[in-house]
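Colleague: Questions regarding the structure given below will be posed in turn.
Protein chains: 2
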Amino acid sequence: MIIKPENTIELKNRFGGKGSIFSSSYIKEQDFEGIRKVLEIELEAHASIGYHQHIDDSEIYHIIEGKGEFQDSDGQFKPVGKGDCCVITKGQSHGLVNTEDTPLKMMAIIF
Amino acid sequence: MIIKPENTIELKNRFGGKGSIFSSSYIKEQDFEGIRKVLEIELEAHASIGYHQHIDDSEIYHIIEGKGEFQDSDGQFKPVGKGDCCVITKGQSHGLVNTEDTPLKMMAIIF
Numbered sequence: 001m002i003i004k005p006e007n008t009i010e011l012k013n014r015f016g017g018k019g020s021i022f023s024s025s026y027i028k029e030q031d032f033e034g035i036r037k038v039l040e041i042e043l044e045a046h047a048s049i050g051y052h053q054h055i056d057d058s059e060i061y062h063i064i065e066g067k068g069e070f071q072d073s074d075g076q077f078k079p080v081g082k083g084d085c086c087v088i089t090k091g092q093s094h095g096l097v098n099t100e101d102t103p104l105k106m107m108a109i110i111f
Numbered sequence: 112m113i114i115k116p117e118n119t120i121e122l123k124n125r126f127g128g129k130g131s132i133f134s135s136s137y138i139k140e141q142d143f144e145g146i147r148k149v150l151e152i153e154l155e156a157h158a159s160i161g162y163h164q165h166i167d168d169s170e171i172y173h174i175i176e177g178k179g180e181f182q183d184s185d186g187q188f189k190p191v192g193k194g195d196c197c198v199i200t201k202g203q204s205h206g207l208v209n210t211e212d213t214p215l216k217m218m219a220i221i222f
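If you read the sequences in order, they're chains U and C.
Residue numbering for the first sequence follows our numbering, starting at 1 and increasing by one per position.
Residue numbering for the second sequence follows our numbering, starting at 112 and increasing by one per position.
This is the structure in structure tokens:
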């Protein structure tokens, strides 16, 4: 089955972050056993996703394009770029900052 | 936790396909509960992954860059490009052909 990108939504100040992110949802909770969501997300220049906790699920931010700082489960900001895979597991928290003048693109996989 | 790209391996004629693919493994079976593997895969120009069955797991090919043809679970070849999410579930088969003179890049998520 091929799922095309559609329904891109703009989210402002996501989890208390700055600016806008654009989120395209491919897979939702009820679609396939074993995976909850697959999204393609773009953070506009200098936008961020605020630090937030995942109580009942785990998430991967896999960076496709751009550079930024991943706020890890220890609260520390760590530099990330294209090809980096940022993982948190149930109960942990995370956030992401686009530090550049260009968009940061990533896949978000919630499982 | 940030997992950096490493251990990129070249696989020739994968599942009977043509040419070489380059696979970077981020997450393996035993790493995190709920997801089996996350890979970043590049198919060189005109390379392909042969049609093969997934007996015990499901897989997503999410196209990041390039164009090709996804051989779906019905055996049909269907055009795909950047932003397309190709899903098969347990018991189904799939393959992928890079139809272009440039690399095709994708995320492979096995769950």
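We put the beta carbon where it would ideally sit given N, CA and C, even for glycine.
Tell me, please, whether the CB atom of Pro214 (chain C) is closer than 9 Å to any CB atom in chain U?
Modeller: No, Pro214 (chain C) does not count as interfacial toward chain U.
Colleague: Are at least three pairs of beta-carbons, each pair with one atom in the segment 51-69 of chain U and one in the segment 98-105 of chain U, less than 8 Å apart?
Modeller: A contact exists between the segment 51-69 of chain U and the segment 98-105 of chain U.
Colleague: Assign Phe15 (chain U) to one of three DSSP states: helix, strand, or coil.
Modeller: If DSSP states are grouped into helix, strand and coil, Phe15 (chain U) belongs with the helices.
Colleague: Chain U beta carbons: is any one of them nearer than 9 Å to that of Ser159 (chain C)?
Modeller: Ser159 (chain C) does not count as touching chain U.
Colleague: With 16 other CB atoms within 10 Å as the buried threshold, where does Asp195 (chain C) fall?
Modeller: Buried.
Colleague: Please go through the same chain and pick out, in chain order, the residues whose beta-carbon is closer than 6 Å to the beta-carbon of Ile166 (chain C), but skip the five residues on each side of it.
Modeller: Nothing listed; no residue qualifies.
Colleague: Under 9 Å between C-beta atoms, does Ser184 (chain C) make it to chain U?
Modeller: Ser184 (chain C) counts as touching chain U.
Colleague: Our contact map puts Phe181 (chain C) next to Lys189 (chain C) with C-beta atoms below 8 Å; I'd like the distance itself, whole angstroms only.
Modeller: Phe181 (chain C) to Lys189 (chain C), Cβ: 5 Å. Contact.
Colleague: Residues in the same chain with beta-carbon distance under 8 Å from Ile3 (chain U), minus the five sequence neighbours each way, listed in chain order, please.
Modeller: Within the same chain, Ile3 (chain U) has close Cβ partners Tyr26, Ile27.
Colleague: Could you say which of U:Cys86, U:Ile60, U:Arg36, U:Val80 lies nearest to Thr99 (chain U) if we only look at CA atoms?
Modeller: Of the listed residues, the one whose Cα sits closest to Thr99 (chain U) is U:Val80.
Colleague: Note down, in chain order, each residue of its chain lying with its Cβ closer than 7 Å to the Cβ of Ala156 (chain C), except the 5 sequence neighbours on either side.
Modeller: Answer for Ala156 (chain C): Asn209, Glu211, Asp212, Thr213, Pro214, listed in chain order.
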